[in-house]
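Heads up, the thing below is written out as structure tokens.
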Amino acid sequence: MLPGVHAIVPILGFIIFFLAPKTQIPMAPLSFAIKGRVLTAEDGAEYLNALNRFSHVSILKPQHIFFPAELDDIPPILNYATSNDPPIELAVKGGGIHSSAWASSDGGIVIDLAQLNKVALSPDNQSVIVQGGAVWGDVYKVCQEAKLEVVGSPLWFVGVGGFTLGGGYGPLSGEHGLAIDNLLSAIVVLADGRIVRTSPTEEPELFWAIRGGGNQFGIVVEFTFKTHPSAGPFTVGTLIYDGEKLPLILKAIQDWKANQTANSRLNLMFFRPGPSFAPKIMLLPWIAGSASNVEEILAPFRRTVTPLLDKVNSVPDMFALSHGSDASFAAAPKRLIIRGLFIADIWGDMMMEVFKRWRDHTEGSEDVKSSGIMCDLTFPYKITEIDPSATASHVRRPHYWFSVQGRSNRVEADDVNKAFVASVARYVREYNTQKTGEDFGAWISMAQGDESAKDIFGDNLSRLRRAKARYDPQKVWTKGIVIEPASE
Ligand SMILES: Cc1cc2nc3c(=O)[nH]c(=O)nc-3n(C[C@H](O)[C@H](O)[C@H](O)COP(=O)(O)OP(=O)(O)OC[C@H]3O[C@@H](n4cnc5c(N)ncnc54)[C@H](O)[C@@H]3O)c2cc1C
Numbered sequence: 001m002l003p004g005v006h007a008i009v010p011i012l013g014f015i016i017f018f019l020a021p022k023t024q025i026p027m028a029p030l031s032f033a034i035k036g037r038v039l040t041a042e043d044g045a046e047y048l049n050a051l052n053r054f055s056h057v058s059i060l061k062p063q064h065i066f067f068p069a070e071l072d073d074i075p076p077i078l079n080y081a082t083s084n085d086p087p088i089e090l091a092v093k094g095g096g097i098h099s100s101a102w103a104s105s106d107g108g109i110v111i112d113l114a115q116l117n118k119v120a121l122s123p124d125n126q127s128v129i130v131q132g133g134a135v136w137g138d139v140y141k142v143c144q145e146a147k148l149e150v151v152g153s154p155l156w157f158v159g160v161g162g163f164t165l166g167g168g169y170g171p172l173s174g175e176h177g178l179a180i181d182n183l184l185s186a187i188v189v190l191a192d193g194r195i196v197r198t199s200p201t202e203e204p205e206l207f208w209a210i211r212g213g214g215n216q217f218g219i220v221v222e223f224t225f226k227t228h229p230s231a232g233p234f235t236v237g238t239l240i241y242d243g244e245k246l247p248l249i250l251k252a253i254q255d256w257k258a259n260q261t262a263n264s265r266l267n268l269m270f271f272r273p274g275p276s277f278a279p280k281i282m283l284l285p286w287i288a289g290s291a292s293n294v295e296e297i298l299a300p301f302r303r304t305v306t307p308l309l310d311k312v313n314s315v316p317d318m319f320a321l322s323h324g325s326d327a328s329f330a331a332a333p334k335r336l337i338i339r340g341l342f343i344a345d346i347w348g349d350m351m352m353e354v355f356k357r358w359r360d361h362t363e364g365s366e367d368v369k370s371s372g373i374m375c376d377l378t379f380p381y382k383i384t385e386i387d388p389s390a391t392a393s394h395v396r397r398p399h400y401w402f403s404v405q406g407r408s409n410r411v412e413a414d415d416v417n418k419a420f421v422a423s424v425a426r427y428v429r430e431y432n433t434q435k436t437g438e439d440f441g442a443w444i445s446m447a448q449g450d451e452s453a454k455d456i457f458g459d460n461l462s463r464l465r466r467a468k469a470r471y472d473p474q475k476v477w478t479k480g481i482v483i484e485p486a487s488e
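Numbering (UniProt numbering), first residue to last: 1 to 488.
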């Protein structure tokens, strides 16, 4: 034995013990091989890297992380997990962005789709075929070369899988609808290991269910989306105001909304930038195409109150746009707790109350001062062309999405952030219900997991339960908003 090895062995033992999952489910030895990779805690740094998620709140320690390299790798993994006694928990990771722990497992199996990330245009360029583990940046890169666009995330690192299965609201949704409205077909690995193609004419009930039903129907290993001619260049900008100007800005937003067109969108955020960390309002306008009237469109935000910062520029395409926030995300605290929901309008009273609650929360403690509010004001009428019962995503009246984001670097701040996020989301949901007479529920893409299936799926829940009985009667998919199977 080499000198020093006696000392190293106990240290390694300690590291492996530390890395090991907390819940040790008795598992049969792996009796199958896959073309891809398998990692366990014994792989040390590689395993630790693979646990990483966009929000560190989502990090758990599974016993095995599988990286399938081809579709045929997946059925034996499913068979291994489901035939174990007791069955082993299965989590599926796309981009790893969701702020729940649905793509992670404590002691079970994670199927990480990262190696299934190929993207190709169809021969006629009318559609793009995307593997289930791709992120939107992979898609935009391929589309960029052909001067095409697709309805996807404004951020390159968001997974195509989770984004699409939750509806998929992107900058192009004002003109082309949700990502699911542009989905032409998909290939799904079902809980029993069958690999099926689904489209309006093949397994149509599955096709209906995956368009908003989340992870409950199988692993989508391939999506085919409709492409559109590039709408770039895009005019994008950042306008920042003192928090006390909120009433004037809300008024300006209403003026802007009165003339909003399908190719223009606005994000409204409450945040505290350094060095003073005083409450600020940020507007992020986005205008597609070479709109000659950009100045006119932005006029309400300059006329009413002069911004502290007014920076507007042009980016050529979605690929460039999707990298626009890289620096701010790199600097942001890593423990993110989000809730998102839908609202019919950004009513002044409601937003003033939200602002007050956010200001009080972020004033209270250094740890949580990066928490924020974000409201996405994409042109809301294209999505209403689809009937609420035509896809599992059921909110089809004009609406925007709204999110409350608790952020911190310290685990000790999670509880106070969770309470803040829950209370603002509850307030906004109730306000919207009272104003519209309809409960829009909660949004699966920014849910925390304590929502009921009815909260998420509304009147489409009964049909989803029947689809569940058909495609996952044994409830193999136990993560996320679990749908109870129901017979016909
Ligand atoms: C900063 C930020 C900005 C966002 N902006 C937007 C936005 O503009 N518009 C919008 O619509 N959403 C937005 N979201 C929400 C985002 O779309 C969801 O969190 C989505 O679930 C992320 O997908 P993912 O694959 O990266 O997530 P993951 O965490 O990997 O997965 C989320 C869920 O989807 C499942 N899943 C993922 N891929 C597959 C697959 N191929 N087959 C089956 N199940 C799968 C996972 O099992 C898990 O249940 C944003 C989120 C964040 C954190």
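Heads up, the beta-carbon is just placed ideally off N, CA and C, and yes, glycines get one too. Keep in mind that this is a model prediction, so the values were computed, not measured.
Cβ-heavy atom distance, residue i to ligand 1, below 7 Å
i: LEU336; result: yes
i: ASN215; result: yes
i: PRO154; result: yes
i: ALA146; result: no
i: ALA258; result: no
i: SER165; result: The residue you asked about is not Ser; residue 165 is Leu in the sequence shown. Yes, ligand 1 has a heavy atom inside 7 Å of this Cβ.
i: HIS98; result: yes
i: SER230; result: no
i: VAL482; result: no
i: VAL103; result: A small correction: the amino acid at residue 103 is Ala; Val does not occupy that position in the sequence shown. It does: the Cβ of ALA103 is within 7 Å (strictly closer) of some heavy atom of ligand 1.
i: LYS245; result: no
i: MET446; result: yes
i: PHE342; result: no
i: PHE54; result: yes
i: residue 489; result: Only positions 1 to 488 of the chain appear in the structure, and residue 489 is not among them; the question remains open.
i: LYS93; result: yes
i: ILE219; result: yes
i: LYS435; result: no
i: ASP376; result: yes
i: HIS158; result: Checking the sequence shown, residue 158 turns out to be Val, not His. For ligand 1, at least one heavy atom lies less than 7 Å from the Cβ of VAL158.
i: LEU113; result: yes
i: LYS479; result: yes
i: GLY324; result: no
i: GLY372; result: no
i: GLY132; result: yes
i: TYR169; result: yes
Backbone CA spacing between residue i and residue j [nearest angstrom]
i: GLY95; j: TRP136; result: 9 Å
i: ALA101; j: VAL92; result: 10 Å
i: ILE386; j: GLY167; result: 12 Å
i: LEU283; j: ASP73; result: 45 Å
i: PHE379; j: TYR431; result: 21 Å
i: PHE14; j: GLN63; result: Residue placement at PHE14 is flagged as unreliable, the pLDDT there being 44, under the threshold of 50; a coordinate-derived value is accordingly withheld.
i: TRP347; j: ALA209; result: 33 Å
i: THR238; j: LEU309; result: 7 Å
i: residue 490; j: ALA186; result: The structure shown does not extend to residue 490, since the chain is modelled only from 1 through 488, so no value can be given for it.
i: ARG465; j: THR391; result: 14 Å
i: PHE17; j: PRO285; result: In this prediction, PHE17 scores a pLDDT of 47, lower than 50, which makes its location untrustworthy; the coordinate-derived value is nonetheless stated afterwards. Near 50 Å, if we compare the C-alpha coordinates of PRO285 and PHE17.
i: ARG410; j: GLU205; result: 44 Å
i: ALA330; j: ALA69; result: 29 Å
i: ASP439; j: ARG429; result: 7 Å
i: GLY372; j: PHE271; result: 5 Å
i: SER105; j: LYS61; result: 6 Å
i: ALA332; j: GLY449; result: 24 Å
i: GLU42; j: GLY232; result: 48 Å
i: ALA252; j: ILE59; result: 41 Å
i: ALA7; j: ALA45; result: At ALA7, the pLDDT of 41 sits below 50, so the modelled position is not reliable; the number obtained from the coordinates is stated separately. For ALA7 and ALA45, the distance between alpha carbons rounds to 20 Å.
i: THR235; j: GLY162; result: 28 Å
i: residue 494; j: LYS35; result: With the chain covering only 1 through 488, there is no way to say anything about residue 494.
Short Cβ contact (8 Å threshold) for residue i with residue j
i: ARG357; j: SER403; result: no
i: residue 489; j: THR164; result: Residue numbering for the chain in the displayed model covers 1 to 488; residue 489 lies beyond these limits and cannot be assessed.
i: LEU116; j: VAL220; result: no
i: TRP156; j: TYR140; result: yes
i: MET352; j: LEU246; result: yes
i: VAL110; j: VAL119; result: no
i: GLY108; j: LEU90; result: yes
i: SER487; j: ALA413; result: no
i: PHE54; j: TYR471; result: no
i: SER322; j: PRO154; result: yes
i: LEU190; j: VAL151; result: no
i: ASP138; j: ILE65; result: no
Cβ of residue i within 8 Å of any chain B Cβ
i: ILE253; result: In the structure shown, chain B does not exist; there is a single protein chain.
TODO: Entirely within the segment 198-234 and at least 4 residues each: give me those alpha helix (DSSP H) ranges in chain order.
DONE: 204-210
- [ ] With a floor of 3 residues, list each beta strand (DSSP E) that falls wholly inside the segment 43-115, ordered by position along the chain.
- [x] 64-67, 90-93 and 109-112
Task: Every unbroken alpha helix (DSSP H) within the segment 131-172, with a cutoff of 4 residues, ordered by chain - done: 136-145 and 160-165
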